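Colleague: The numbers in this note's numbering rise by one with no breaks, and the one at position 54 of the sequence shown is 49.
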Amino acid sequence: MSFKADVTAKLDRIMEMLAKEREEIEGLRGQIQSALSQKQELPDFSHEVEEVREEMARTLVEVRGMFSEISEKVMSMAQPATQKKAGTKRKKGTNEVEEIQH
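This is the structure:
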C-alpha cells in the first residue's frame, strides 16, 4: 500500500471510530435528557457511563497508536529527503571543493 493510501486509510479508520463513539455518547445523552425532561427520579446511569468511558479509553489508545504510526511514516519519508542532499562542500581547512553524491 502506498504511503498516501496507508495514511488515508488510517485517518478514515480514526474518523469511523470516533463517529461510533460519538453515537454512543449521544445515545447516553438522550437517555439522560429524557429522564430529566420527564421530571422523574434520575435512574442510575453509572453502568452505562462506565461502559462508554471504557470504550472511549480503548478507542483513544488505538487512535493514538495509529497517529504514532502515521507520524513515524511521515518522519521516515522526511529524513531521506534531507539526508540525500547532493551538491558541493568545502574540505575543512582548505579551499578545495569536493562533490557530494548519494
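Quick reminder that beta carbons are idealized off the backbone N, C-alpha and C, glycines included.
Note that the structure is a prediction, hence the values are computed from the model and not measured.
According to DSSP, is Gln26 part of a helix, a strand, or is it coil?
Modeller: Mapped onto the sequence shown, residue 26 falls at position 31. If DSSP states are grouped into helix, strand and coil, Gln26 belongs with the helices.
Colleague: For my contact list, Ile9 and Val58 are in at a C-beta cut-off of 8 Å; report their separation, rounded to the angstrom.
Modeller: As a first step, residue 9 must be located in the sequence shown, where it is residue number 14. As a first step, residue 58 must be located in the sequence shown, where it is residue number 63. Right, their Cβ atoms sit about 5 Å apart.
Colleague: Which class does Ser71 belong to by DSSP, given the choice of helix, strand or coil?
Modeller: To locate residue 71, count along the sequence shown from 1; it is residue 76. The answer is helix: DSSP assigns Ser71 an H, G or I state.
Colleague: Among Arg24, Phe62 and Gln35, which residue has its Cα nearest to the Cα of Lys5?
Modeller: By one-based count along the sequence shown, residue 5 stands at place 10. Nearest C-alpha to Lys5: Phe62.
Colleague: Give me the residue from Asp1, Glu11 and Lys(-1) with the minimum Cα distance to Thr54.
Modeller: Here residue 54 is taken as the residue at index 59 of the sequence shown, counted from 1. Closest by alpha carbon: Glu11.
Colleague: Alpha carbons only, please: which of Leu23, Ser66 and Gln28 is nearest the one belonging to Glu45?
Modeller: Position 50 of the sequence shown, counting from 1, holds the residue named residue 45. Comparing Cα positions, the closest option is Leu23.
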